[in-house]
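Enquirer: One structure is given below, represented as structure tokens, and several questions about it will come after.
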Amino acid sequence: MLAEGTIGFAFAGNKFVGSVQRDGTGALYSTDLNGGNVQVFAPTVSLAANPSSEHFLTSSLGLGGFPSRDIYVASANGIVHITNDGGSSDVFVSGLSGAVRGILFDSVGSFGHDMLVTTILGNVYRIKSDGSTQLLAAVGEDTEGLDIAPPGFGAFGGQLVVASEGSGRLRAITTGGVVTDLSATFGFTIPGAEELTFVPLNLGASGNPVEGFYGANYTPNVVKADASQFAGFQGDAIVTSETTGHVFRVHWNGSTFVVTDVGQFPNQPEDGIFVTAAIINPRPGPAPETIPTLNQWGTFGLILLLAAASVHRIRKRSVATR
């Protein structure tokens, strides 16, 4: 089923769940934590048409009144909720202004562990566990990638940072809905900005091999970069370009943001996530304290996580297929 093109991808505790480029039924799949045992997930769930048949998704953390490890999927201008086992589903929210383009659960507490949602019209919503919605901000253009900045990201720690593919602009949004156009203020854009995610301050600290960066590599598969590939990037934003496939690091150097090209996807990047100790074992609370970052940069390396019929792992010097 992955031949239809990988789009969304989420860690759901006991599995990964992803989406392919398809509306209606059969658009979701699951894998084990090694990327194997690929199978259709929640086969009876029908997703309403989204732009380009892209259905982004995420998994709840058991915080803010949300269940633990259930799946939430974009469906037109709403979101469908599916239990972790795929056995039942319901419409969580509907009637948003614009098709849903990104979904994030606040894992650090800046936004009360609520769900945060971006749309094709540039409306950014804050949604509580009971489905009540609040328009947080309107940025005026298609907005997709989103994540909460950690301490040390300039003056914007704890704010929601969003990316707009068409203009390449990044914007920061406070809990009160105040928007700062980072691109205009600091003079940078990222062409085709697709996914935006921050390198966690404690990335790799648990030693759990599941930790790392996972990204949908449209069309054939999903790729993984181990936590060690991001040594020295802690606290920085990683932004992928849909148009070029390049991977950019956005780093605050104490006075401005510095954008560096640090790698490239084999194909076209779509949805991406960091899996860390805070996601594997989520805990309520405020944003974590800043820790010193490393000076070592390292090389951004990609590891194929899954393919249609098999799992491949690419090391720096060897390739093993199983």
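Numbering follows the working numbering, in which position 80 of the sequence shown is assigned residue number 461; successive positions increment by one, without gaps.
Built from N, CA and C at the ideal position, the CB exists for glycine as well.
What you are looking at is a predicted structure, and each value in this text was computed from that prediction instead of being measured.
#1: Let me make sure I understand the geometry here. Which of Thr425, Ser433, Leu442 has the alpha-carbon closest to that of Asp471?
#2: Can you find the residues in the same chain that come closer than 7 Å, C-beta to C-beta, to Val580, ignoring five residues on each side of it along the sequence?
#3: What is the residue span of the beta strand (DSSP E) that Ala544 lies within?
#4: From the DSSP output, which residues share a beta bridge with Gly653?
#5: Which class does Thr674 belong to by DSSP, given the choice of helix, strand or coil?
#6: Is there at least one Cβ from chain B nearer than 8 Å to Ile529's Cβ?
#7: What's the gap between the Cα of Lys605 and the Cα of Gly596?
#8: Using 8 Å as the Cβ pair cut-off and three pairs as the minimum, do the segment 383–397 and the segment 444–452 touch?
#9: With the cut-off set at 8 Å, would you say Val643 and Val631 are in Cβ contact?
#10: Please state the DSSP three-state secondary structure of Glu385.
#11: Pick out the complete beta strand (DSSP E) segments inside the segment 577–651, 3 residues or longer, and give them in chain order.
#12: Please report the residue range of the beta strand (DSSP E) in which Ile529 lies.
#13: How should Gly476 be labelled, buried or exposed, when 16 other C-beta atoms within 10 angstroms of its C-beta is the threshold for buried?
#14: How many angstroms separate the CA atom of Arg550 from the CA atom of Gly399?
#15: Buried or exposed for Leu383, going by 16 or more other Cβ atoms inside 10 Å?
#16: Per the DSSP calculation, Asn504 is bridged to which residue(s)?
#17: Assuming Ser441 is part of the beta strand (DSSP E), what are its boundary residues?
#18: Between Gly343 and Val505, which are expected to be in contact by the criterion C-beta below 8 Å, what is the C-beta distance as a whole number of angstroms?
#19: Since His494 and Gly573 are thought to touch, with beta carbons under 8 Å apart, how far apart are those beta carbons, to the nearest angstrom?
#20: To the nearest angstrom, report how far apart Glu546 and Pro590 are at their CA atoms.
#21: Give the C-beta separation of Thr514 and Val474 to the nearest angstrom, bearing in mind that I take them to be a contact with Cβ-Cβ under 8 Å.
#22: Rounded to whole angstroms, how far is the Cβ of Phe486 from the Cβ of Ile571, which I believe are closer than 8 Å?
#23: Got a sec? Which residues, its chain only, sit under 7 Å from Glu385 by beta carbon, not counting five neighbours each side?
#24: Determine the contact status of Thr556 and Phe492, defining contact as a CB-CB distance below 8 Å.
#25: Taking a contact to mean a Cβ-Cβ separation below 8 Å, would you say Phe437 touches Ile484 in this structure?
#26: Going by C-alpha to C-alpha distance, which of Ala659, Leu442, Gly468, Ile460 sits closest to Phe422?
#27: Sort Gly443, Ala608, Glu435 by Cα distance to Ile460 and report the nearest one.
#28: Based on Cα-Cα distance, which residue from Arg552, Glu576, Ala519, Phe534 lies nearest to Leu582?
#29: Could you compute how far the alpha carbon of Gly585 sits from the alpha carbon of Ala430?
Expert: Put simply:
#1: For the residues Thr425, Ser433, Leu442, the minimum Cα distance to Asp471 belongs to Thr425.
#2: Answer for Val580: Phe611, Phe614, Gln615, Gly616, Asp617, Ile619, Phe655, listed in chain order.
#3: For Ala544, the enclosing beta strand (DSSP E) covers residues 541–545.
#4: In the DSSP output, where bridge partners are listed per residue, Gly653 has Gly596.
#5: Low confidence applies to Thr674: its pLDDT is 31, below 50, so where it sits in the model is not reliable, and the reading given next is rough at best. Assignment of Thr674 by DSSP, reduced to helix, strand and coil, places it in the coil class.
#6: The structure shown contains no chain B, having only a single protein chain.
#7: A direct Cα-to-Cα measurement between Lys605 and Gly596 gives close to 6 Å.
#8: Contact between the segment 383–397 and the segment 444–452 is present: three or more C-beta pairs spanning the two stretches fall below 8 Å.
#9: Their beta carbons are not under 8 Å apart, which means Val643 does not touch Val631 by this criterion.
#10: For Glu385, the secondary structure class from DSSP, reduced to helix, strand or coil, is helix.
#11: Here the runs fully enclosed are 593–599, 602–607, 618–622, 627–633, 638–645.
#12: Start and end: 527–529.
#13: With fewer than 16 Cβ atoms within 10 Å of its Cβ, Gly476 is classed as exposed.
#14: Spanning the two alpha carbons is a distance of roughly 27 Å.
#15: Answer is buried; the Cβ neighbour count reaches 16.
#16: DSSP lists Ala519 as partners of Asn504.
#17: Boundaries of the beta strand (DSSP E) harbouring Ser441: 438–442, taken from the DSSP string.
#18: Past the boundaries of the shown model lies residue 343; the chain is included only from 382 to 703, so the question cannot be answered.
#19: His494 to Gly573, Cβ: 31 Å. No contact.
#20: Taking the Cα positions, Glu546 is about 32 Å away from Pro590.
#21: Their Cβ separation, rounded to whole angstroms, is 6 Å, which keeps Thr514 and Val474 in contact under 8 Å.
#22: Not a contact, Cβ separation roughly 24 Å.
#23: So the qualifying residues of the chain are Val401, Gln402, Arg403.
#24: In this structure, Thr556 places its C-beta atom within 8 Å of the C-beta atom of Phe492.
#25: Yes, the pair counts as a contact, with Cβ atoms nearer than the cut-off.
#26: For Phe422, the nearest C-alpha among the options comes from Gly468.
#27: Out of Gly443, Ala608, Glu435, Glu435 has the C-alpha closest to the C-alpha of Ile460.
#28: With distances taken between CA atoms, Leu582 lies nearest to Phe534 out of Arg552, Glu576, Ala519, Phe534.
#29: Rounded to the nearest angstrom, the two C-alpha atoms are 38 Å apart.
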